[in-house]
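Enquirer: Anchor point for the sequence shown: position 162 equals 162 in UniProt numbering, and the numbering is continuous, going up by one each time.
Here it is, the structure, as structure tokens.
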Amino acid sequence: MSSELPTFEALRLAPALLRALSDEGYQTPTPIQARAIPEILAGHDLLAAAQTGTGKTAAFTLPILQRLQEKPLKSAARQPRVLVLVPTRELAAQVLESVRTYGKHLQALRTVLVFGGVGINPQIEALARGAEIVVATPGRLLDHAGQKTIDLSRIEVLVLDEADRMLDMGFIHDIRRVIKLLPGKRQNLLFSATFSPDIRKLAEGLLHEPVTIDIAPRNSAAETVQQRVLFVDQSRKAELLIHLAKGYNWQQTLVFTRTKHGANRLVEKLEKAGIRAAALHGNKSQNARTRALAEFKDGTLRMLVATDIAARGLDIEQLPQVVNFELPNVPEDYVHRIGRTGRAGQAGEAFSLVSRDERDDLRGIEKLLRRQLQSFEVAGFEPGAASSTPSEDQDMSQNRKSPRQQPQKRYGPQGRGGAHGHGGGNKPQKSAEHRAGKSRKVH
């Protein structure tokens, strides 16, 4: 049996959708799209596991748009027919962008975003004008339902996107309350990064004879992502990050921290070192988050420092690097983090700065991945080595030679668009000893 993916034409998508796909340069569906689109068009319930960056948003957006176009309501009232529940406002905006991109050649369809952190009145006005698609976070949707500013009685399709993250964020009770407001006869589509026991329990009570699709090996990272562990003292992590960013001219790097305070503190250090950066977390206003993401995408900011929940759903094309400034508490979050790079077959790099007290976290991640990650020590930043600066809060590059002046100590990518890894004799070798607290030095 051939393993080749079908064309979009073979999936029997409408000409207007094919035209939009062609406009974007897409010719062949991703595996999740190739398997999910026919099932959704056939009206089946769906339980799908697909990692971030696999094209899952288009996998449900395209067939839903086709359904709305082929079966328009006879009533003049534009009541919501599709409800997409998402965990964050950033993911809601991503779904809206997908609808606009693929639906631009269709007869006008309205989509309304409903999420917290912003005023509710503009949303009430938008809902009053009517919309076929509502993309919402559970809490704010229930606010509208309580005020009777939304009518969910005509919902034909319910999508739970990033369902695992919604459960992690404690939305399960809100999700169940929303489901009670919907008509019993509807199509249900559940997308999750993993099939955890909690996800399967949710699916059992929600889905009717679902088709199950599991695209990626469970808890795995994209093969196009080069994963590296750099051992360093906690107190010198910011210095090492700046050393790498300046030495190898990183222009667009997503950095993860465990806490909002940690993100803010790291941004201050990066800015003092002359690296434009911004924090992305739940304490930031919606306007600040939108501005930071836009500036990161257009190159104004070189680094975006984010917490796990705030970064969920971020869609940045051809992101070169992801850095784990701190390892996540939950091993599965490591997979979500590094899934921001190496998308759609593109090469990407994931660096984890690991201090001694994070070794157990590293072992948990490796157990989940069922593999040992390459680990290194960067010359001059070995654990226990003295800092080259009197204070972490100063520009770390002022009192040391740059990596470009010491090619024998170079470590890191060769800039955006350059080759990954190293040439000549500078290529680092994989360590087989980091479980014992040892690693290979990079010279």
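For glycine and all other residues, C-beta sits at the position ideal for the given N, C-alpha and C.
For ALA352, report the span of its beta strand (DSSP E) as first-last.
Expert: According to the sequence shown, residue 352 is Ser rather than Ala. Its beta strand (DSSP E) spans residues 348-354.
Enquirer: Residues in the same chain with beta-carbon distance under 6 Å from PHE231, minus the five sequence neighbours each way, listed in chain order, please.
Expert: Once the five neighbours on either side are set aside, the close Cβ partners of PHE231 are VAL354, GLU377, PRO383, SER439.
Enquirer: Would you call GLY184 buried or exposed, if buried means 16 or more other Cβ atoms sit within 10 Å of its Cβ?
Expert: Its Cβ having fewer than 16 others within 10 Å, GLY184 is exposed.
Enquirer: Drop a sphere of 10 angstroms on the beta-carbon of GLU97, count the other beta-carbons inside from all chains shown, and report buried for 16 or more, exposed for fewer.
Expert: When all chains shown are included, GLU97 counts as exposed.
Enquirer: Given a threshold of 16 other Cβ atoms within 10 Å of its Cβ, counted over all protein chains shown, does THR257 qualify as buried or as exposed?
Expert: Under this definition THR257 is a buried residue.
Enquirer: What number of angstroms, rounded off, separates the C-alpha of GLN123 from the C-alpha of PHE325?
Expert: GLN123 and PHE325: Cα-Cα distance of roughly 37 Å.
Enquirer: Provide the residue span of the beta strand (DSSP E) that contains VAL211, from first to last.
Expert: Unbroken beta strand (DSSP E) run through VAL211: 211-214.
Enquirer: Using the rule of at least 16 other Cβ atoms within 10 Å of the residue's Cβ for burial, across every protein chain shown, is ALA20 buried or exposed?
Expert: The residue is buried, with at least 16 neighbouring Cβ atoms inside 10 Å.
Enquirer: Alpha carbon to alpha carbon, what distance is there between ARG302 and LEU373?
Expert: Going by the C-alpha atoms only, they are around 26 Å apart.
Enquirer: Going by DSSP, what residue range makes up the beta strand (DSSP E) through THR224?
Expert: No beta strand (DSSP E) contains THR224, which DSSP labels as neither H nor E.
Enquirer: Exposed or buried, ASP357, counting other C-beta atoms within 10 Å across all chains shown (16 or more means buried)?
Expert: Classification of ASP357: exposed, given that the 10 Å Cβ count is below 16.
Enquirer: Would you kindly work out how many angstroms separate the C-alpha atoms of THR111 and GLN318, rounded to a whole number?
Expert: Cα to Cα, the separation comes out at about 27 Å.
Enquirer: Under three-state DSSP, which class holds SER192?
Expert: SER192 falls in the strand class under three-state DSSP.
Enquirer: Does the Cβ of residue 448 have 16 or more other Cβ atoms within 10 Å, making it buried, or fewer, making it exposed?
Expert: Residue coverage of the chain in this structure runs from 1 to 443, which leaves residue 448 outside it and unanswerable.
Enquirer: Check this for me: beta carbons of LEU206 and ARG186, under 7 Å apart or not?
Expert: Going by C-beta atoms, LEU206 is not nearer than 7 Å to ARG186.
Enquirer: In whole angstroms, what is the alpha-carbon distance linking GLU295 and MET166?
Expert: Between GLU295 and MET166, the C-alpha separation is close to 27 Å.
Enquirer: How should LYS367 be labelled, buried or exposed, when 16 other C-beta atoms within 10 angstroms of its C-beta is the threshold for buried?
Expert: The residue is exposed, with fewer than 16 neighbouring Cβ atoms inside 10 Å.
Enquirer: Within 8 Å, do at least three Cβ pairs link the segment 150-157 to the segment 87-103?
Expert: Taking 8 Å as the limit for Cβ pairs, the verdict is that the segment 150-157 does not touch the segment 87-103.
Enquirer: For PRO197, count neighbouring C-beta atoms within 10 Å of its own C-beta (all shown protein chains included) and say buried if the count is 16 or more, exposed if not.
Expert: Burial call: exposed.
Enquirer: I need the boundaries of the alpha helix (DSSP H) containing LEU91, first residue and last residue.
Expert: Looking at the DSSP string, the run of the alpha helix (DSSP H) that includes LEU91 is 89-102.
Enquirer: Between the segment 271-286 and the segment 236-251, can you find at least three pairs of beta-carbon atoms closer than 8 Å?
Expert: The answer is yes - the segment 271-286 touches the segment 236-251, with three or more Cβ pairs under 8 Å.
Enquirer: Are there three or more Cβ pairs, one per stretch, closer than 8 Å when the segment 42-56 is compared with the segment 119-134?
Expert: Contact fails: fewer than three Cβ-Cβ distances are below 8 Å.
Enquirer: Let me make sure I understand the geometry here. Which of ASP233, THR307, ALA350 has the alpha-carbon closest to that of ALA385?
Expert: Answer by Cα proximity: ASP233.
Enquirer: Quick check: is the beta carbon of ALA48 nearer than 7 Å to any beta carbon in chain D?
Expert: Of the protein chains in this structure there is only one, and it is not chain D.
Enquirer: Pick out whichever of PRO331, HIS208, ALA347 has its Cα sitting closest to the Cα of GLY364.
Expert: The residue with the shortest Cα to Cα distance from GLY364 is PRO331.
Enquirer: Whole-angstrom Cβ separation of PRO320 and GLY348, contact assumed at under 8 Å?
Expert: Contact holds; Cβ gap of about 7 Å.
Enquirer: In the DSSP output, which residue or residues are listed as bridge partners for ASN329?
Expert: Looking at the DSSP assignment, ASN329 forms no beta bridge with any residue, so it has no partner.
Enquirer: In three-state DSSP terms, what is THR149?
Expert: Of the three classes helix, strand and coil, the one that applies to THR149 here is coil, per DSSP.
Enquirer: Do GLU366 and the ligand FAD come close, with the Cβ less than 6 Å from some heavy atom?
Expert: Inclusion of the ligand FAD in the displayed structure is not the case, the ligand content being empty and no account of it being possible.
Enquirer: So, for ASP143: in the same chain, excluding its five sequence neighbours on each side, which residues have a beta-carbon less than 7 Å away from its beta-carbon?
Expert: So the qualifying residues of the chain are ILE120.
Enquirer: Taking the C-alpha atoms as reference points, what is the distance between ARG370 and LEU68?
Expert: Each residue's Cα considered, the two are about 43 Å apart.
Enquirer: Can you grab the Cα-Cα spacing for the pair SER402 / GLY247, in whole Å?
Expert: Residue placement at SER402 is poorly supported in this model, since its pLDDT is 31, which falls under 50; the coordinates are not used for a value here.
Enquirer: Between the Cα of THR88 and the Cα atoms of LEU127, GLN286, GLN227, which residue gives the shortest distance?
Expert: Looking at the Cα atoms, GLN286 is the closest of the given residues.
Enquirer: What does a CB cutoff of less than 6 Å around ALA203 pick up in its chain, not counting 5 residues either side in sequence?
Expert: LEU47, LEU190, listed in sequence order.
Enquirer: Report the three-state DSSP secondary structure of ALA136 (helix, strand or coil).
Expert: Reduced to three states, the DSSP call for ALA136 is strand.
Enquirer: Can you check which of these residues, ALA306, GLN27, THR290, is closest to HIS336 by C-alpha distance?
Expert: Comparing Cα-Cα distances from HIS336 to each of ALA306, GLN27, THR290, the minimum goes to ALA306.
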